[in-house]
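Chains as they are written, first to last, in the numbering used here: chain E, 29 to 332; chain P, 1196 to 1826. Here a beta-carbon is modelled for each residue, glycine too, at the ideal position from N, C-alpha and C.
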Amino acid sequence: MTVPKNQPSPRALAWRRRGAAFTAGWREFAKQRAGLVGLGLLAVIVLLAILAPVITDREGLDVTKATGDRMESPSWEFLLGTDRPGRSVLLLTLWSARISLTVGFVATLLSVAIGTIIGILAAHYGRWVSAGLMRITDFFLVLPSLVLAIALSTVLERGIGTIILAIGLTSWPSAARLVRAQTLTIEARPYIERARALGGGHFHVISKHVLPAVLPLVFVNTTLAVGSAIVAESTLSFLGLGDPDPMRPSWGSMLRSAWLDSAIIAGAWWYLLPPGIAIGIVVLAFTMCGRALESVLNPRLREG
Amino acid sequence: MIIVRSRLLALGVTLMASALVTAPVAVSASASPAPARAAEATSGQDGKVLRIGVSREVDTLNPFMSITLMGTSILRSQFEFLTTYSQGSMTPEGALAEKWETSEDKLTWTYHIRKDVKWSDGKPVTAKDAAWTFQKMLDDETARTANGSYITQWESVTATDDWTLKIKTKVPQATMDALDIPIVPEHVWSKMSDISAAPEFPMVGNGPYYITEFKEAQFTKMKANKNYWRGAPKVDEIHFVYYSNSDAAVSALQSGEVDLINPLTPTQYDALQGEPDIQLNNAQNRRFNELLINPGAATNDGTPIGNGNPALKDVKLRQAIAQAIDTKTLVDKVWSGYATEAAGYIPPMFKDFAWEPTGDQVRKFDLDAANKALDEAGYKKGQDGVRLDKQGKPLNLRLLTHAERDIDENASPFIKGWLKEIGIEVTIEPKSDNQVNEETTRGEYDLAISGWSANPDPDYVLSLQTCANRPNADGTGATPDSFLCNEEYDELYAKQLSEFDRSKRIDIVKQMQALLYDEATLVIFGYDNALEAFRKDKFEGFPQQPTGSGVIMFQQSYWGLLGATPKGEGPVPVYDGSQGTESGEDTTDAAAEESSNTGLILGIVGGVLVVVLVVGLLVARGRRKTADDRE
């Protein structure tokens, strides 16, 4: 059983195969304009959010150093006007992107991680493990997740961590169901049987064969879930359960301030619309990316 | 083709998100252009109705139990008290008691009850009703819930005949001519088995109006008492309509669904300026807003309770915090100028008792001086710029605030910002009103935003700062404010309560305020004005307290509602005997044009978004159908 000299190792082969699959996937993805636009939007927004401390001054978020008047309408000094204490709405929207995106990403990762683990375990072990785990999943699935998230963030201390936990712990059941279904179809394939016959244990089968096969699906699911996590974060912040630190605004908390400060009655649309539109754009971008990825993985969704 | 479906669906979802955000704009903007129709629909039923939009809930309409501002001020018009506060000077004036006198030793008070007063069911009001009410409070702890503080020092109450009431007190009490206790009809209330139960409607009363209907969190309706001894009111009914969102109340005023609203936020007040049919009222209020600094909370027997930061026991630290709070900025930015800058504990509206620091005592806002004082007091700065307390722990303070309250939401970022400048880190903790009340009563706070409405007689607010007002071990039994316990203050408090010479009493009250200022267990932010608005196309005006410059609603009496004058029914009455004055203040007509235009634009933008959303969803649905068929 010696490996011929110019034959690459199995590991290298596997990587080469993955590289080729990725290139093919990217080519398929690139064919979809919506997906590209979404990706472009996301890249720009994430870049702006990361660079916010470089291109702007965080001190501008401190109300005691605000230079504007109350709810000033847009001008050259304040492109999107000011809020009630006189801070620039543009600056707030930019800094809010950091919190909203962070919460969106981390909460989704948390929920997808829980969902993936539970889904794979349930499908792989089957029988009573499956029955038990799926009943727990069903329980969380029927609980109204917003109510649960509100309850969680009321009980725990206020802050970003709590919001992430609340969203993550309430949004995993659908991911678990999805991953379980996918795992079941994969475990039915002959190569899994072959791996078992050759002596592969549970860990080997799960980590070497099942996980790589469900990961693309998990990835798509993650992309689609970030959008709803951002909306969930905005909802919780709007309801006053977000981080109360004025130096750490999020789009939801901006909407909340605008609502509390009667921006509608005062006609201060510049206070109300930017966070709303920002949420809309980011969710749209994630959805466009996610849909494009979905069609890469599922040929039946492809056009033509 | 199928991909189109998902893309459109995505678009639909996104538009829905943004439309949800903008929809309220469209609604409120479109609500304003149609005032007349809605107004006619509700008025013109039976007689003249004054509809008041309120955003405060009624706790209960039981006069023995009600403690909220809304509940007590409705009951103010329902029941006549022994005395009331005059419209002009807010000094005690006879109401149910025509006149009263006190004995030499100031321990026996005799009230002569007016003979021409009738209950709304026609039975006469006698001294026996008053005696029964007070006796019930003396006998029954439950009946003391709301107004028990007035009678703690009483010995006995007797009605010597139908028109004479005698009250004996254990110690001299200066508040005997200002007893804010509703007097109930004996023939109705003596039959009630549970004194704390919700009353039956219509409720028998002897005030200018009586309550006919109440639906929790919806409305309270009152009818005019045609037999009222001062003369029947000009309106036939008052409806208090509850709005959970104050913006909704403002829209209702704009569309003519309500005639009067209080309170307005400064933003709402400015937005209403220049509306042709709306008269604004910017009145000095009797409320002070404060920052509590926990000086080491303890129960009434001195056992420490709560979890306040022990560093705050140092008066130097508290004074530095007080110096780092800029009342001028708060007045300008948080209240948009509709407030008075901070001075003493008693609001400046009560000119006699109000005090302000002078000379060396003044602590002007000065971050450098505060920093210097902290340096000198030995609070060294740590590496991250946060000062360390005497044990070497960084100074991290919690700031307890009322969630969704305008002043709390807007002032707390400023406090955080200023305290950061003097090296103190602040974590803002917004909580529900009930939670804030519980936690401040149990001493579970470092800093907290609070405030009280003072009465013309300062006794009640002064009593909040005494040792005796600290709670028992369960955190109940009394209402503490700042947990101050200062022997000198308590001595002065006892002295002012039994001091009948007004000018001497004023002196003592001022000394007490100076002491509070130095102790810095509370920092006054300022005194916000009451901002109100009413429809001048429906109402001529309302009597204000004080006359001409004061509030219409939540007065220390019932003048505003009693004298409500519908359009075209002559001048607004004045209950002072002095010359008549028109109520309300001049309003400027600027800024209206602009705001109504932006409202229109917003309406259009919102409308377009909604249309796009609907079309998008319809298209998406159509596509889905065909796509599903194909699959």
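Counterpart residues of residue i in DSSP-defined beta bridges
i	result
P:THR1494	Answer is none; P:THR1494 lacks a bridge partner.
P:LEU1595	P:GLU1624, P:ALA1643
P:MET1417	P:ILE1406, P:ILE1433
P:ILE1456	P:GLY1248, P:ALA1728
P:ALA1292	P:ILE1308
P:LYS1576	P:ARG1582
P:GLN1740	P:VAL1746
E:THR110	E:SER116
P:GLY1721	P:ASN1484, P:GLU1536
E:THR51	According to DSSP, which records beta bridges pairwise, E:THR51 is partnered with nothing at all.
P:LYS1313	P:PRO1319
P:PRO1761	P:PHE1734
P:THR1297	P:TRP1304
P:PRO1589	P:LEU1583
First through last residue of the beta strand (DSSP E) which encompasses residue i
i	result
P:GLY1725	The question names Gly, yet the displayed sequence has Ala at residue 1725 of chain P. 1725-1730 is the span of the beta strand (DSSP E), which, as asked, contains P:ALA1725.
P:ASP1356	1349-1356
E:HIS152	Run containing E:HIS152: none in the beta strand (DSSP E); it sits in the alpha helix (DSSP H), 117-153.
P:LEU1486	1482-1488
P:PRO1536	Correcting the residue identity first, residue 1536 of chain P is Glu in this sequence and not Pro. P:GLU1536 -> beta strand (DSSP E) spans 1534-1536.
P:ASN1477	1473-1478
E:LEU243	Premise fails: E:LEU243 lies in the alpha helix (DSSP H), 239-266, not in any beta strand (DSSP E).
P:THR1278	1278-1280
P:ILE1602	Element bounds for P:ILE1602: not the beta strand (DSSP E) but the alpha helix (DSSP H), 1601-1616.
P:ILE1362	1359-1364
Within chain P, partners of residue i - CB distance below 7 Å
i	result
E:ASP289	THR1462
E:ASP409	Coverage of chain E is limited to positions 29 through 332, which leaves residue 409 of chain E absent and any answer about it impossible.
Identity of the residue in the options nearest residue i by Cα
i	options	result
P:ILE1346	P:GLY1743, P:HIS1434, P:LYS1365	P:LYS1365
P:THR1263	P:TRP1304, P:SER1272, P:GLU1252	P:GLU1252
E:PHE266	E:LEU137, E:ARG319, E:ILE191	E:ILE191
E:ALA338	E:GLN35, E:ARG46, E:GLU100	Given a span of 29 to 332 for chain E in the structure shown, any question on residue 338 of chain E remains unanswerable.
E:GLY132	E:ASP97, E:THR182, E:LEU89, E:LEU70	E:LEU70
P:ILE1610	P:LYS1386, P:GLY1283, P:VAL1430, P:LEU1486	P:LEU1486
P:TRP1550	P:LYS1705, P:LEU1710, P:GLN1282, P:PHE1749	P:LYS1705
P:ARG1593	P:TYR1688, P:VAL1631, P:ASP1547	P:VAL1631
P:GLU1633	P:GLU1620, P:GLY1612, P:THR1596	P:THR1596
P:ALA1517	P:GLY1501, P:PHE1259, P:LEU1562, P:ILE1473	P:LEU1562
E:ILE292	P:THR1462, P:ASN1457, P:PRO1458	P:THR1462
E:ALA257	E:TRP287, E:THR130, E:GLY229, E:ALA42	E:THR130
E:ARG208	E:GLY229, E:GLY187, E:ALA159, E:VAL170	E:ALA159
P:GLN1739	P:ARG1730, P:GLN1750, P:LEU1512	P:GLN1750
P:GLU1683	P:VAL1656, P:PRO1394, P:ARG1558, P:ASP1713	P:ASP1713
P:ASP1652	P:THR1267, P:SER1272, P:GLN1368	P:GLN1368
Under 8 Å by beta carbon: chain E residues contacting residue i
i	result
P:PHE1609	VAL91, THR92, PRO113
P:LYS1559	Per Cβ cutoff of 8 Å: no residues; P:LYS1559 is ~16 Å from chain E at best.
P:TRP1327	The contacting residues do not exist; P:TRP1327 stays about 46 Å from chain E at best.
P:LYS1856	There is simply no residue 1856 of chain P to check, as chain P begins at 1196 and stops at 1826 in what is shown.
Residues that residue i contacts on chain P, provided the C-beta gap is smaller than 9 Å
i	result
E:ARG186	THR1622, ILE1623, GLU1624, PRO1625
Span of the alpha helix (DSSP H), counted from its first residue to its last, around residue i
i	result
P:PHE1734	Premise fails: P:PHE1734 lies in the beta strand (DSSP E), 1734-1736, not in any alpha helix (DSSP H).
E:LEU212	201-215
E:THR190	188-198
P:LEU1710	1697-1714
P:LYS1331	1322-1334
P:ASP1570	1562-1571
E:ILE73	61-83
P:TRP1384	1381-1384
E:LEU180	173-183
Under 8 Å by beta carbon: chain P residues contacting residue i
i	result
E:GLY268	ALA1598, GLU1599, PRO1625
Chain-ordered neighbours of residue i on chain E, where CB pairs are closer than 7 Å
i	result
P:GLU1604	LEU288
P:SER1531	ARG98
Contact list for residue i against chain E, beta-carbon separation under 9 Å
i	result
P:VAL1445	SER290, ILE293
P:TRP1613	THR92
P:ASP1442	TRP287, SER290, ILE292, ILE293
P:LYS1523	The contacting residues do not exist; P:LYS1523 stays about 12 Å from chain E at best.
Worksheet item: Which residue spans inside the stretch 270-307 of chain E form an unbroken alpha helix (DSSP H) run of at least 4?
Response: 279-288, 291-294
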